[in-house]
Amino acid sequence: MEENTPPPHRRPYDLPLPTPPDALRRGPLREGTFGSALHEPRTAVVLGRWLGAALLTCFLTGLFSHLVQEGPGWLPSRPVNGYRVTQGLHVISGIAAIPLLAAKLWAVYPKLFEWPPARSVLHALERLGIAVLVAAMLLELFTGLFNTLQWYPWPFPFRQTHFWLGWLATGGLLLHVAAKAPLVAAHWRRVRPGLAQRRAFLTAVAASVGAVTLTTAGQSVPWLRVTDLFAPRRPDLGPQGLPVNRTAVQAGTATVPADWRLAVDGPRPLALSLADLARLPQYEAELPIACVEGWSASARWTGVRVRDLLELAGAPAGARVRITSLEADGPYRVTDLPAAHARDPLTLLALRVNGEVLDPDHGYPARIMAPNRPGVLQTKWVARMEVL
Amino acid sequence: MRTLRAVLVLAGLALTGYGLYGLLTDHFVQHPLEIAEWAVGGLLLHDGLWVPLICVLGATLARSTPVRTGLVLAAAVTAVALPAVLRAGVDGGNPTVLPLPYLRNWLLALAAIAVVATVWALIGRRRRRAG
Chain A
2 MEENTPPPHR RPYDLPLPTP PDALRRGPLR EGTFGSALHE PRTAVVLGRW
52 LGAALLTCFL TGLFSHLVQE GPGWLPSRPV NGYRVTQGLH VISGIAAIPL
102 LAAKLWAVYP KLFEWPPARS VLHALERLGI AVLVAAMLLE LFTGLFNTLQ
152 WYPWPFPFRQ THFWLGWLAT GGLLLHVAAK APLVAAHWRR VRPGLAQRRA
202 FLTAVAASVG AVTLTTAGQS VPWLRVTDLF APRRPDLGPQ GLPVNRTAVQ
252 AGTATVPADW RLAVDGPRPL ALSLADLARL PQYEAELPIA CVEGWSASAR
302 WTGVRVRDLL ELAGAPAGAR VRITSLEADG PYRVTDLPAA HARDPLTLLA
352 LRVNGEVLDP DHGYPARIMA PNRPGVLQTK WVARMEVL
Chain B
49 MRTLRAVLVL AGLALTGYGL YGLLTDHFVQ HPLEIAEWAV GGLLLHDGLW
99 VPLICVLGAT LARSTPVRTG LVLAAAVTAV ALPAVLRAGV DGGNPTVLPL
149 PYLRNWLLAL AAIAVVATVW ALIGRRRRRA G
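Read top to bottom, the protein sequences are chains A and B.
Heads up: the first sequence is residues 2 to 389, going by my numbering.
Heads up: the second sequence is residues 49 to 179, going by my numbering.
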């Protein structure tokens with residue numbers, strides 16, 4: 002009796018969808034359009050592993066940097082080069098992801114034209130998710146690369162968009178791995194004999210990653226400077242041999258008022274001229290400027306220890322310091338120096354760099370230089386320090 | 049495997065949801081639709097123009113391993129270098145941005161790739177003849 006057999010159990014999201022008529026299978030939708038033997042799962046899995054590692058590195062270092070800039074209070078002041086390493090890694094892994102993403106998408110490109118376009122509701126959802134993932138990743142890498150050049154051809158704000166797209170892309174990546182887990186597991190290990198073409202292609206992709214890394218990473222890795230062809234910064238080019246993110250002219254601080262005094266607001270308020278500051282004990286520290294955009298450069302900074310100034314002003318131990326710059330506006334005109342940084346003997350109110358009085362572009366008359374801190378928070382053209 | 053997949057799905061949904069929520073509520077992002085337009089535009093350019101072009105190139109020009117490797121390298125280097133080449137000289141008043149001769153460097157890199165691929169192809173041909 003036909004009526005008595007129960008229908009096969011199907012979850013609602015797994016409902017099969019009808020296959021469109023075969024007459025629609027034209028162009029790339031025809032079987033056998035893509036001739037290369039490399040459009041196969043093992044190639045996709047190997048590339049996917051490399052790309053996944055690059056994207057997760059990018060996401061975690063980016064998240065770290067965002068948290069540091071939102072509230073630097075929790076960041077320790079050591080290791081001195083900590084932020085320099087994480088931001089260098091952020092940009093290096095982001096640039097490496099460009100050839101990796103291109104190769105991965107090329108390898109799986111025929112899947113875009115698979116037939117039927119959607120086997121079930123779940124399959125349709127998975128494909129939609131991949132579209133979101135790919136779009137988010139393409140835009141993320143594009144905006145990131147262009148930001149390092151200070152080029153903003155799009156109408157939306159960079160920082161916020163790049164941050165939120167990072168969550169979207171990483172979430173999409175996790176969903177994609179979950180969906181493809183059986184396929185990934187089946188092709189995780191190499192089956193012998195290997196495919197000669199695959200080996201050649203993967204070698205070409207690895208060489209591409211090496212090439213784009215070697216020709217750009219010199220902006221953050223000092224010993225790669227000789228191969229640096231395409232980085233938007235060179236750590237040794239700029240006034241006093243150092244790059245600048247915002248010049249004195251751009252910040253409107255090219256001329257400093259003749260009666261400039263550093264105000265230190267604490268229990269014993271101070272107003273110190275440059276001559277007063279020069280009479281205080283001077284210290285020297287080798288510290289990097291490490292930019293969010295990946296470049297970093299070390300220099301010898303000389304000046305007064307911030308903790309000496311705080312003691313003179315009668316600040317209690319564990320006090321935070323609010324630093325105000327001479328610049329009229331800018332998102333980092335006022336920044337907070339957490340207690341760990343303020344008390345660190347390496348944290349300077351720097352008056353000189355590499356033996357010379359600071360160039361206006363480097364923050365004349367005085368700037369903050371602290372270990373393990375984003376470049377944008379190393380306030381230039383300091384006007385005021387306020388004990389909190 | 050089932051547990052791992054379930055964890056991945058939950059984490060993936062959480063991260064995606066958080067990202068979407070952020071894009072829609074961040075008060076600096078006043079027109080989220082503009083981002084969607086750029087995202088879809090990028091997808092269309094990549095999948096509709098760039099990859100088909102690569103596929104046609106691969107099927108016609110890049111039949112040998114040295115040529116294919118050379119083209120893969122040239123494409124990767126160009127993707128990273130071209131924005132700097134196009135932008136060279138536009139520094140907004142800050143000469144430490146883009147201070148290198150990017151056009152020259154890009155052409156040098158392409159020439160080096162072409163030389164290596166050619167030498168490799170010639171050696172391969174001689175070996176095949178000898179063998």
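Backbone N, C-alpha and C fix where the C-beta goes; we use that ideal spot for every residue, glycine too.
Between which two residues does the alpha helix (DSSP H) containing residue i stretch?
i: Glu71/A; result: Pro42 to Glu71
i: Arg173/B; result: Tyr150 to Ala178
i: Met138/A; result: Val122 to Thr149
i: Arg199/A; result: Ala197 to Leu215
i: Arg368/A; result: No alpha helix (DSSP H) holds Arg368/A; the beta strand (DSSP E) holding it covers Arg368 to Met370.
i: Pro22/A; result: Neither: Pro22/A is in no alpha helix (DSSP H) and is coded neither H nor E.
i: Gly60/B; result: Arg50 to Thr73
i: Gly89/B; result: Pro80 to Leu93
i: Val257/A; result: Val257/A -> no alpha helix (DSSP H), and no H or E assigned at all.
i: Tyr84/A; result: Gly83 to Val109
i: Lys181/A; result: Phe159 to Ala187
i: Ala124/B; result: Thr113 to Arg135
i: Thr108/B; result: Val99 to Thr108
Which residue comes first and which comes last in the beta strand (DSSP E) that contains residue i?
i: Asp337/A; result: Val335 to Leu338
i: Leu16/A; result: Element bounds for Leu16/A: n/a, residue is neither H nor E.
Below 8 Å on C-beta distance, what does residue i contact in chain A?
i: Ile102/B; result: Trp107
i: Leu109/B; result: By Cβ distance, chain A contributes nothing, its closest Cβ being about 14 Å from Leu109/B, past 8 Å.
i: Val167/B; result: The premise fails here: Val167/B is roughly 15 Å from chain A at the closest Cβ pair, so nothing lies under 8 Å.
i: Leu158/B; result: Per Cβ cutoff of 8 Å: no residues; Leu158/B is ~11 Å from chain A at best.
Taking residue i and residue j to be in contact with their CB atoms under 8 Å, please state how far apart those CB atoms are, rounded to whole angstroms.
i: Leu158/B; j: Ala122/B; result: 6 Å
i: Val128/B; j: Phe231/A; result: 6 Å
i: Trp155/A; j: Arg26/A; result: Incorrect: roughly 37 Å between the Cβ atoms, too far for contact.
i: Ala291/A; j: Gln88/A; result: 6 Å
i: Gly90/B; j: Ala136/A; result: 6 Å
i: Arg226/A; j: Pro233/A; result: About 14 Å; that fails the 8 Å criterion.
i: Tyr110/A; j: Val99/B; result: 5 Å
i: Gly214/B; j: Gln251/A; result: Any property of residue 214/B remains undetermined from this structure, which presents chain B solely from 49 to 179.
i: Val383/A; j: Ala300/A; result: The pair is not a contact, with the Cβ atoms about 17 Å apart (cut-off 8 Å).
i: Val122/A; j: Leu196/A; result: With 8 Å as the limit, Val122/A and Leu196/A do not qualify as a contact, their Cβ atoms being about 35 Å apart.
i: Leu52/A; j: Ala24/A; result: The pair is not a contact, with the Cβ atoms about 37 Å apart (cut-off 8 Å).
i: Val222/A; j: Thr149/A; result: Actually they do not touch by this definition, with Cβ atoms about 15 Å apart.
Which chain B residues are close to residue i, counting only those with a beta carbon under 9 Å from its beta carbon?
i: Val250/A; result: Gly141 and Asn142
i: Ser37/A; result: Cys103, Gly106 and Ala107
i: Thr62/A; result: What Thr62/A touches in chain B: nothing, since even the nearest Cβ is about 16 Å away.
i: Leu139/A; result: Ala87, Gly90, Leu91, Leu93 and His94
i: Ala201/A; result: Thr113, Arg116 and Thr117
Listing by chain order, which chain B residues have their CB less than 8 Å from the CB of residue i?
i: Ile93/A; result: Neighbours of Ile93/A on chain B: none; closest Cβ ~12 Å, over 8 Å.
i: Trp168/A; result: Leu63, Thr64, Tyr66, Gly67 and Gly70
i: Phe147/A; result: Pro131
State the beta-bridge partners of residue i as determined by DSSP.
i: Ile290/A; result: Ala298/A
i: Asp266/A; result: Glu387/A
i: Leu392/A; result: The requested residue 392/A is not part of the displayed model; chain A covers only 2 to 389.
i: Glu285/A; result: Thr303/A
i: Pro375/A; result: Ala291/A
i: Val358/A; result: Arg353/A
Could you name the residues of chain A that residue i contacts, counting a contact when the two beta carbons are closer than 7 Å?
i: Ile83/B; result: Phe157 and Thr162
i: Val88/B; result: Ala136
i: Arg53/B; result: Ala179 and Ala182
i: Ala132/B; result: Leu150, Phe231 and Pro233
i: Arg116/B; result: Ala205
i: Val77/B; result: Phe157, Pro158, Gln161 and Thr162
Residues of chain A with CB under 9 Å from residue i, in chain order?
i: Leu61/B; result: Gly172, Leu175 and Leu176
i: Val99/B; result: Ala103, Leu106, Trp107, Tyr110 and Leu113
i: Val57/B; result: Leu175, Leu176, Ala179 and Ala180
i: Arg175/B; result: None at all; the shortest Cβ gap to chain A is about 15 Å.
List, in order along the chain, the chain B residues whose C-beta lies closer than 7 Å to that of residue i?
i: Ser209/A; result: Val120, Leu121 and Ala124
i: Ile96/A; result: Val128
i: Trp165/A; result: Gly67, Gly70, Leu71 and Asp74
i: Pro244/A; result: Thr144
i: Phe143/A; result: Gly90
i: Ala212/A; result: Leu121, Ala124 and Val125
Tell me the start and end of each unbroken beta strand (DSSP E) in the region 317 to 356 of chain A that is at least 3 residues and wholly inside, in chain order. Listed in chain order, the complete beta strand (DSSP E) runs (minimum 3 residues) inside the region 317 to 356 of chain A are 322 to 326, 335 to 338 and 349 to 354.
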